[in-house]
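Student:
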Amino acid sequence: MLQVSYIRDNREQVLERLAVKNFKQPELVDEVIALDNERRSTQTTLDNTSAEANTAAKQIGELMRTGKKDEAEGLKAKTGAWKEDIKKLGEQLSAIEEDLYQKLVLLPNLPHSSVPKGLTPEENEVVLQNGAKPELPENALPHWELAAKYNLIDFELGVKITGAGFPVYKNKGAKLQRALINYFIDEAEKAGYSEVSVPLMVNEASGFGTGQLPDKEGQMYYVTEDKLFLIPTAEVPITNMYRDVILKGEDLPMKNCGHTPCFRREAGSYGAHVRGLNRLHQFDKIEIVQVAHPDKSYETLEQMSLHVQGLLQNLGLPYRVLRLCGGDMGFASALTYDMETWSAAQQRWLEVSSVSNFESFQSNRLKLRFRNAEGKTQLAHTLNGSALALPRIVATLLENNQTERGIKIPEVLVPYTKFEWID
RNA sequence: GGAGAGGUGUCUGAGUGGUCGAAAGAGCACGCCUGGAAAGUGUGUAUACUUCAAAAGGGUAUCGAGGGUUCGAAUCCCUCCCUCUCCGCCA
């Protein structure tokens, strides 16, 4: 959520930035400013009326104590009008605030100045590409066939137990999962992230804090009985640890990592792009989250991007880094890098990580602040990224590393898998 | 799930209708004291909105959340949330 005071003071710039995101309702900006003016004048009137009423109430108390009952009664009679005004003004103020809020939450975050204009994923900017695309033999198989051949993943069994998009990992497939999780967590800890293990269900306030609510209800599984959402990403519980928190300036940056399953309804997905591990309702992911000083957050974003790239390099996966264009960015993000690995057997890039700086868009909702050098509270910046999501990593590892003999496990993973080959 | 107790500032904790944004203590910050430290001592120490060119200052709201009673609510009433204790159930 954008800060109203910022919109008020930077109207032109806000409009110009929103255009980069191809925002369709620029008129909302002026509506927000108008409502904010109304809000402030209403509040001033309400405050002044309340002040009068408070003064009178104190006087009545004083008069009662000194035995001047008649005067007290006289004053009491006057308070009726104030009371009515206060009630009316309070209701007006709430209505205006509600209206303002409803419009404010429709405004996406402003994109960073480096964000390219554009509407579609094709217009994302390729920042860099690293690692050679492997040459696979003629008879190379996509990962879903490899998974069947080596008895690693049973998609049918998952359908029986739950439904499509809930695979069962078996044997070395299950062990590979666990190895990747441990490897990613260890690497994150080496980079200074402290591990947390968090709830997989969150309440409404948390969904709101990170921006999944209101709006994206449809993408989360919901437990009606207890009004809880299954997390679509660990970003939600981890970032919400800092909801309603005022950090000390010297505490920044806060760095956390965590492994969780992620649950996504993925309503409307279909076809070859959801084949195998490409798109699942439940998958495992290691998330890295930072709460950073506003002056340092872009430096932090680069560090996080390099961390993710390091993982991909160590795993020997060819990858590229995209700077998302305005039209392809998330609602809450100011700048997003997507990392994609090259799936040789599918001949396509698969997104395996997304690293974003939300600036103060999330922290404004979260009321996540820190005390700055002047001792004043200031909104912190939040960032997060996948490091990494497992299924597509598994998919590319299986596909890119297939040989006559079997699937070669990358060296860095062998201490975790305790085997070198899937055969 | 049932019964009871309770939720007050960074923490402990007082406050059962007015003088309470809130005693006292601890912690923390700054100063004094000291050769240095401890002890002692003094001062300060919530958040948001708003007013003001800014600072200073002022106003309003907030004692788990929301509503109500009242001229006036931390205090009384209602609803919800949470914590603790006991019972029940259970990895």
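If you read the first sequence in my numbering, its first letter stands for residue 32, the second for the next number, and so on. Ideal Cβ positions, reconstructed from N, Cα and C, are used throughout, including at glycine.
1) Please report how far the alpha carbon of residue 260 lies from the alpha carbon of residue 313, in whole angstroms.
2) Is it right to say residue 245 is buried, meaning 16 or more other beta carbons lie within 10 angstroms of its own, or is it exposed?
3) Taking just the CA atoms, how far does residue 105 sit from residue 87?
4) Have a look at 240, 148, 158, 371 and flag the residue whose alpha-carbon is nearest the alpha-carbon of residue 33.
5) Are residue 388 and residue 318 closer than 9 Å when you measure CB to CB?
6) Please say whether residue 171 and residue 433 have beta carbons closer to each other than 9 Å?
7) If distances are taken between C-alpha atoms only, which option among 85, 208, 294 comes closest to residue 249?
8) Can you tell me the Cα-Cα spacing of residue 116 and residue 103, whole angstroms?
9) What number of angstroms, rounded off, separates the C-alpha of residue 286 from the C-alpha of residue 315?
10) Assuming residue 138 and residue 59 make a contact with CB atoms under 8 Å, what is their CB distance in whole Å?
11) Counting pairs of beta carbons, one from the stretch 443 to 453 and one from the stretch 212 to 219, are three or more of them closer than 8 Å?
12) What is the DSSP secondary structure of residue 225, reduced to helix, strand or coil?
13) Can you name the residues that DSSP bridges to residue 412?
14) For residue 350, tell me which candidate among 194, 362, 363, 385 has the shortest Cα-Cα distance.
15) Of the residues 149, 53, 438, which one's Cα is nearest the Cα of residue 454?
16) Please determine, among 363, 345, 399, 397, the residue with the shortest C-alpha to C-alpha distance to residue 424.
17) Per DSSP, what are the beta-bridge partners of residue 379 in this structure?
18) Going by other Cβ atoms of all chains shown within 10 Å of its Cβ, with 16 needed for buried, is residue 225 buried or exposed?
19) Answer yes or no: do residue 228 and residue 267 have a C-beta to C-beta separation smaller than 9 Å?
20) If you follow the beta strand (DSSP E) that residue 245 is part of, which residue opens it and which one closes it?
21) Do the stretch 163 to 180 and the stretch 89 to 103 touch if we need at least three Cβ pairs shorter than 8 Å?
22) Hey, could you find the ends of the beta strand (DSSP E) residue 292 is sitting in?
23) Using three-state DSSP, classify residue 260 as helix, strand or coil.
24) In or out: residue 182 buried (at least 16 other Cβ within 10 Å) or exposed?
Tutor: Checking against the coordinates, here is how it stands:
1) Counting from one through the first sequence, the residue named residue 260 turns up at place 229. Counting from one through the first sequence, the residue named residue 313 turns up at place 282. Rounded to whole angstroms, residue 260 to residue 313 spans 14 Å at the Cα level.
2) In the first sequence, counting from the first residue as 1, residue 245 sits at position 214. By the 10 Å Cβ count, residue 245 comes out exposed.
3) Translated into positions along the first sequence, residue 87 becomes position 56. Translated into positions along the first sequence, residue 105 becomes position 74. Taking the straight line joining both Cα atoms gives about 11 Å.
4) For the purposes of this step, residue 33 is taken as residue 2 along the first sequence, with counting starting at 1. Nearest of 240, 148, 158, 371 to residue 33, Cα basis: 240.
5) For the purposes of this step, residue 388 is taken as the residue at position 357 of the first sequence. For the purposes of this step, residue 318 is taken as the residue at position 287 of the first sequence. No, they are not a contact pair.
6) Counting from 1 along the first sequence, the entry for residue 433 is found at position 402. Counting from 1 along the first sequence, the entry for residue 171 is found at position 140. Going by C-beta atoms, residue 433 is nearer than 9 Å to residue 171.
7) As a working mapping, residue 249 is identified with position 218 in the first sequence. Ranking the options by Cα distance to residue 249, first place goes to 294.
8) One-based indexing of the first sequence puts residue 116 at position 85. One-based indexing of the first sequence puts residue 103 at position 72. Their Cα atoms are separated by approximately 21 Å.
9) Taking the first residue of the first sequence as 1, we reach residue 286 at position 255. Taking the first residue of the first sequence as 1, we reach residue 315 at position 284. Approximately 20 Å, taken between the alpha carbons.
10) As a first step, residue 138 is located in the first sequence; it is residue number 107 there, counting from the start. As a first step, residue 59 is located in the first sequence; it is residue number 28 there, counting from the start. Confirmed, about 6 Å.
11) yes
12) For the purposes of this step, residue 225 is taken as residue 194 along the first sequence, with counting starting at 1. In the structure shown, residue 225 sits in a strand (DSSP, three-state: E or B).
13) For this step, residue 412 is matched to residue 381 along the first sequence. Residue 412 is bridged to 323.
14) In the first sequence, residue 350 corresponds to position 319, counting from 1. Of 194, 362, 363, 385, the residue nearest in Cα terms is 385.
15) On the first sequence, position 423 is the one that residue 454 refers to. For the residues 149, 53, 438, the minimum Cα distance to residue 454 belongs to 438.
16) Position 393 of the first sequence, counted from the first residue, corresponds to residue 424. For the residues 363, 345, 399, 397, the minimum Cα distance to residue 424 belongs to 345.
17) Translated into positions along the first sequence, residue 379 becomes position 348. 374, per the DSSP bridge assignment.
18) Looking up residue 225 in the first sequence gives position 194. With fewer than 16 Cβ atoms within 10 Å of its Cβ, residue 225 is classed as exposed.
19) The residue given as residue 228 occupies position 197 in the first sequence. The residue given as residue 267 occupies position 236 in the first sequence. Not a contact, by the Cβ cut-off of 9 Å.
20) For this step, residue 245 is matched to residue 214 along the first sequence. Element bounds for residue 245: n/a, residue is neither H nor E.
21) no
22) As a working note, residue 292 is residue 261 in the first sequence. 285 to 294 is the span of the beta strand (DSSP E), which, as asked, contains residue 292.
23) Here residue 260 is taken as the residue at index 229 of the first sequence, counted from 1. Of the three classes helix, strand and coil, the one that applies to residue 260 here is strand, per DSSP.
24) Translated into positions along the first sequence, residue 182 becomes position 151. The residue in question, residue 182, is exposed, as its Cβ has fewer than 16 Cβ neighbours within 10 Å.
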